[in-house]
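S.K.: After the structure tokens below, expect a handful of questions from me.
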Amino acid sequence: MSWSRALREAARSGLTIERAKLTPLIAIRGSAGVAIVIGLCLWRGDPVLAVSSAFGAFASGIVTFQRSMRPRPVLALAVAGALAVSTFLGYLAAADTAAFVVLLAGWTFLSGMAWAIGPVCGLAGTQTVAIMLVTVTLPTSVLGALQHAALIFFGGVVQATLIVVFPVRPWGTQRDALADALAAEGDYARRLRQDPVAPFDPAPLMDARLASTVTARQARRRPAQLHGPRGVAERLRPVLASLADPVVGASLEGPERDRARDLLAAAATVLDAVAHAVRHAKPVRLPPEAMATLEVPATGPMLTGAARRSAYRLISLLVDAVELTDEPVRSTRPTTEAERGHLLRPSVPRLVPVALRALHREARWSSHIFRHALRVAAVAAAGYLLGTALPFGHGYWAPLASVMVMRPDFAQTYARGVARFSGTLVGVTVGGALMALVHPGEYLSAALAVVCVWLMYLLMRTGFSVTSACVAAYVVFLLGIAGEGWEQTVEERVVLTLVGGLLALLSYALFPAWETPRLRDRLAEWLEANGRYAMAVYGRHARPAEGHPRQVREALLDARAARAAWERTEARAEKEPVRHRGLSAGSAKAAGAALATMGRVTMILEAHLPDRDAEPSPGAAAFAAELGPSLERAARAVRERGTLDWSGLRTVWERWDAEAGSEGVAPRAAVLLLDALDDLAEALSRGPGGGDGAAPGTIQAPQ
Numbered sequence: 035m036s037w038s039r040a041l042r043e044a045a046r047s048g049l050t051i052e053r054a055k056l057t058p059l060i061a062i063r064g065s066a067g068v069a070i071v072i073g074l075c076l077w078r079g080d081p082v083l084a085v086s087s088a089f090g091a092f093a094s095g096i097v098t099f100q101r102s103m104r105p106r107p108v109l110a111l112a113v114a115g116a117l118a119v120s121t122f123l124g125y126l127a128a129a130d131t132a133a134f135v136v137l138l139a140g141w142t143f144l145s146g147m148a149w150a151i152g153p154v155c156g157l158a159g160t161q162t163v164a165i166m167l168v169t170v171t172l173p174t175s176v177l178g179a180l181q182h183a184a185l186i187f188f189g190g191v192v193q194a195t196l197i198v199v200f201p202v203r204p205w206g207t208q209r210d211a212l213a214d215a216l217a218a219e220g221d222y223a224r225r226l227r228q229d230p231v232a233p234f235d236p237a238p239l240m241d242a243r244l245a246s247t248v249t250a251r252q253a254r255r256r257p258a259q260l261h262g263p264r265g266v267a268e269r270l271r272p273v274l275a276s277l278a279d280p281v282v283g284a285s286l287e288g289p290e291r292d293r294a295r296d297l298l299a300a301a302a303t304v305l306d307a308v309a310h311a312v313r314h315a316k317p318v319r320l321p322p323e324a325m326a327t328l329e330v331p332a333t334g335p336m337l338t339g340a341a342r343r344s345a346y347r348l349i350s351l352l353v354d355a356v357e358l359t360d361e362p363v364r365s366t367r368p369t370t371e372a373e374r375g376h377l378l379r380p381s382v383p384r385l386v387p388v389a390l391r392a393l394h395r396e397a398r399w400s401s402h403i404f405r406h407a408l409r410v411a412a413v414a415a416a417g418y419l420l421g422t423a424l425p426f427g428h429g430y431w432a433p434l435a436s437v438m439v440m441r442p443d444f445a446q447t448y449a450r451g452v453a454r455f456s457g458t459l460v461g462v463t464v465g466g467a468l469m470a471l472v473h474p475g476e477y478l479s480a481a482l483a484v485v486c487v488w489l490m491y492l493l494m495r496t497g498f499s500v501t502s503a504c505v506a507a508y509v510v511f512l513l514g515i516a517g518e519g520w521e522q523t524v525e526e527r528v529v530l531t532l533v534g535g536l537l538a539l540l541s542y543a544l545f546p547a548w549e550t551p552r553l554r555d556r557l558a559e560w561l562e563a564n565g566r567y568a569m570a571v572y573g574r575h576a577r578p579a580e581g582h583p584r585q586v587r588e589a590l591l592d593a594r595a596a597r598a599a600w601e602r603t604e605a606r607a608e609k610e611p612v613r614h615r616g617l618s619a620g621s622a623k624a625a626g627a628a629l630a631t632m633g634r635v636t637m638i639l640e641a642h643l644p645d646r647d648a649e650p651s652p653g654a655a656a657f658a659a660e661l662g663p664s665l666e667r668a669a670r671a672v673r674e675r676g677t678l679d680w681s682g683l684r685t686v687w688e689r690w691d692a693e694a695g696s697e698g699v700a701p702r703a704a705v706l707l708l709d710a711l712d713d714l715a716e717a718l719s720r721g722p723g724g725g726d727g728a729a730p731g732t733i734q735a736p737q
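Heads up: the sequence shown begins at 35 in my numbering, then just goes up one per residue.
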């Protein structure tokens, strides 16, 4: 992709306004927290403190809207504490420009590294830098700095208290995640009717698992509806794929295929009903047509062999899903010790070592997180010095704009930069026009600021340009409380926001952290994870009595995580104005499709794991033994741009197939696995003619 196209796509993405589900009650609760803090400070007669304290409640409220399975009060308090510390340290160094620039660069570097812990931590770190830049411009003493920091923390306490006292749809995040997973399974069943090898995105299942990870206190209070359906959804996916697959399931044409299509349609209807019941905390309502389809016909079973086993397993799992969801929807039930220990989320103190390990893991030059931290620290320092040197007041707006738009990847940074400037232009224009026409006093300015906060919370998920407009108007009204002239505010905000945005965009062009060179590493990691999953499944077929279900489950989770990492890297690489000599965009898509097929074949085979008392399979043992070394060599070849060779593995399969004949699902699945590996080798063998060379106007990524 050329630079012109990359910038054009980024601008279009940044200006896109999405249709999103609005949550007005939650927005009212968050804006009420800001209103309480501002009102208390104005009641005390100190507009400057009102401006300072409002930022604490405002930023704490923003973080509680982010996608996180952590309890919202904990997020509000944690962010408020970090904001208070950054504010106080900023006040201590504000008197000396050099000292403040050093502090700003160091703190910004740490906030950039916080992205290694997670996106919510990264956003929280960005907020602390913003508060440090804004509040230290308000004149005060050291004792006053402590007061400002305490008020900022108080804003977070108010937000946390409101969340506890006025809960809006408790367990709503967990319900939505589980309902999305069940609905995704229903959509998958519906698509399998037309395409027996339809792809499935495991992201909803991953989100549902993340939502099921709760604290010990939450585990005791979790509604009964949220205990079991996720496990059923996990087991349903391979059964659905196994029933629809023409090789190991129902035949491609004829009465068996018609029966399989009817079962898949009924399964989709049941899963949609269960998802609706979970999302809205209501009983399951099933149409009688779906129930009739799931019964064995009076003429007897119409499916044979593996397809019949899959059908019986599907009916049993659907019954389990309905029964588990139909438990009293508002009740809780005692949990066993095993249930309380399963997927137990560690407490905040126990997360500290995990966070430190994540930071240590990313503290290397090749890490895109580390390079982002260096980049944003340099831009914040340069922007502050430049904003101070320009003949405007509020010079902190330049580095503030830079810090708020910069992200570890190219596309988000450029998209947010365009969205930030356009949103700021609209926001300050509307806010300035209202200030000029109405000339509001302190209390009316505060009321208008709260309205802007409510709009921002309400429209949080519609797009960054919309929220930027709300924030810009909010700042105009908030500074109006302190008596700032709106004419100067509007002019400064537009010019300095443009300067900050240009600094952010220029920094990524001069010091990038491209994802494109990481494609081969991500692909090799996905291949290795898929290989461990396949070896775990074939190992169970080889020695049924020795295997443990947890081994297969953990291997599957690792494969999903590797796939998600690959898809994130590929999506970012597609938007970068660079091309890597080792892997073209076409080769990357073909290789990803091949590995997705490999994972799907293994998943189908998992649906037919033998009982512990089944006979061992020497052929499966030999195949698994050869699969490990072959995949190790292949992963090394992917990283080093070598040739993939599956001849040894195919020889083992041919011997196994000759011994087993047409009996058994495992050898039939093995040939599909080999076909997927051959597709991978073909995708990676494409030469420069397949698009590996750099396009005109692009940068050649370093090797």
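Virtual Cβ for every residue (Gly too), placed ideally from N, Cα, C.
With a threshold of 16 other CB atoms inside 10 Å of the CB of Asp241, please say whether the residue is buried or exposed.
M.R.: When all chains shown are included, Asp241 counts as buried.
S.K.: Would Pro368 be called buried (16 or more neighbouring beta carbons within 10 Å of its own) or exposed?
M.R.: Unreliable positioning characterises Pro368 in this predicted model, as indicated by a pLDDT of 48, which lies under 50. A coordinate reading is not provided.
S.K.: Figure out for me which residue from Gln585, Thr447 and Gln228 has the closest Cα to the Cα of Pro280.
M.R.: Checked all of Gln585, Thr447 and Gln228; the closest Cα to Pro280 is Gln228.
S.K.: On a CA-only basis, which of Ser145, Leu274 and Val282 is nearest Leu297? Give me that one, please.
M.R.: Checking every option, the nearest Cα to that of Leu297 belongs to Leu274.
S.K.: State the start and end residues of the unbroken alpha helix (DSSP H) segment that holds Gln100.
M.R.: Counting along the chain, Gln100 falls outside any alpha helix (DSSP H), and DSSP gives it neither H nor E.
S.K.: Between Leu493, Gly265 and Ala245, which lies nearest to Arg256 when the distance is taken from Cα to Cα?
M.R.: Taking only the C-alpha atoms, the option nearest Arg256 is Ala245.
S.K.: What would DSSP say about Ala372, mapped onto helix, strand or coil?
M.R.: Caution applies to Ala372, whose pLDDT of 48 falls short of 50 and renders its modelled position unreliable; the model cannot decide the point.
S.K.: Please name the residue, chosen from Leu678, Ser285 and Gly653, that lies closest to Asp712 on a Cα-to-Cα basis.
M.R.: With distances taken between Cα atoms, Asp712 lies closest to Leu678.
S.K.: Look at the alpha carbon of Gly465 and the alpha carbon of Gly159, and state the distance between them as a whole number of angstroms.
M.R.: Near 28 Å, if we compare the C-alpha coordinates of Gly159 and Gly465.
S.K.: So, for Ala372: in the same chain, excluding its five sequence neighbours on each side, which residues have a beta-carbon less than 8 Å away from its beta-carbon?
M.R.: Low confidence applies to Ala372: its pLDDT is 48, below 50, so where it sits in the model is not reliable, and the reading given next is rough at best. Around Ala372: no qualifying Cβ.
S.K.: Do Ala179 and Phe122 have their C-beta atoms closer together than 9 Å?
M.R.: Cβ atoms of Ala179 and Phe122: closer than 9 Å.
S.K.: For Ala411, which of Ala132, Ala45 and Val136 has the nearest alpha-carbon?
M.R.: It is Val136.
S.K.: How would you call Trp77, buried or exposed, if buried means at least 16 neighbouring beta carbons within 10 angstroms?
M.R.: Exposed, because fewer than 16 other Cβ atoms sit within 10 Å of the Cβ of Trp77.
S.K.: Under 8 Å by Cβ, that's how I've got Ala150 and Arg395 pegged, so tell me the actual separation to the nearest angstrom.
M.R.: Sure, about 7 Å apart at Cβ, within 8 Å.
S.K.: Excluding five sequence neighbours on each side, which residues of the same chain lie with their C-beta closer than 8 Å to the C-beta of Arg606?
M.R.: Here the set comprises Asp443, Phe444, Ala445 and Glu549.
S.K.: Just verifying my parser: in three-state terms, what is the DSSP assignment at Tyr430?
M.R.: In this structure, Tyr430 counts as coil in the three-state DSSP scheme.
S.K.: Report the three-state DSSP secondary structure of Val388 (helix, strand or coil).
M.R.: Note: Val388 maps to helix in three-state DSSP.
S.K.: On the three-state DSSP scale, how would you describe Asp279?
M.R.: Asp279: coil per DSSP, three-state reduction.
S.K.: By Cβ distance, which residues of its chain are closer than 7 Å to Leu512, with the 5 residues on each side in sequence left out?
M.R.: Answer for Leu512: Val85, Ala88 and Ala483, listed in chain order.
S.K.: Given a cut-off of 9 Å, decide if Ala589 and Ala563 are closer than it, judged by their beta-carbon atoms.
M.R.: In this structure, Ala589 lies closer than 9 Å to Ala563 by Cβ.
S.K.: Ignore the nearest five residues each way along the sequence and tell me which others in Tyr477's own chain have a CB closer than 7 Å to its CB.
M.R.: Cβ within range, chain order: Leu76.
S.K.: Does DSSP put Trp399 in a helix, in a strand, or in coil?
M.R.: DSSP places Trp399 in coil when its eight states are reduced to three.
S.K.: Check Arg574 in the structure and name its three-state DSSP category.
M.R.: Looking at Arg574 - three-state DSSP - the assignment turns out to be helix.
S.K.: Taking Cβ positions, are Val282 and Ala223 nearer each other than 9 Å?
M.R.: No, they are not a contact pair.
S.K.: Roughly how many whole angstroms lie between the Cα atoms of Arg374 and Arg254?
M.R.: In this prediction, Arg374 has a pLDDT of 46, which is less than 50 and means its spatial position is unreliable; nothing more can be read from the coordinates.
S.K.: Tell me whether the beta-carbon of Arg527 lies closer than 9 Å to the beta-carbon of Val510.
M.R.: A contact, by the Cβ cut-off of 9 Å.
S.K.: Tell me the rounded alpha-carbon separation between Arg46 and Gly451.
M.R.: If you take the alpha carbons of Arg46 and Gly451, they lie about 12 Å apart.
S.K.: Taking the straight line between their C-alpha atoms, what separation do you get for Val699 and Asp691?
M.R.: Going by the C-alpha atoms only, they are around 11 Å apart.
S.K.: So the alpha helix (DSSP H) Pro289 belongs to, where does it begin and stop?
M.R.: Its alpha helix (DSSP H) spans residues Pro289 to His314.
S.K.: Excluding the five sequence neighbours on either side, which residues of its own chain have a C-beta within less than 7 Å of the C-beta of Leu437, listed in chain order?
M.R.: It is worth fixing the name first, because residue 437 is Val in this sequence and not Leu. Closer than 7 Å at Cβ, skipping near neighbours: Thr142, Thr160, Val163, Ala164, Val410 and Ala414.
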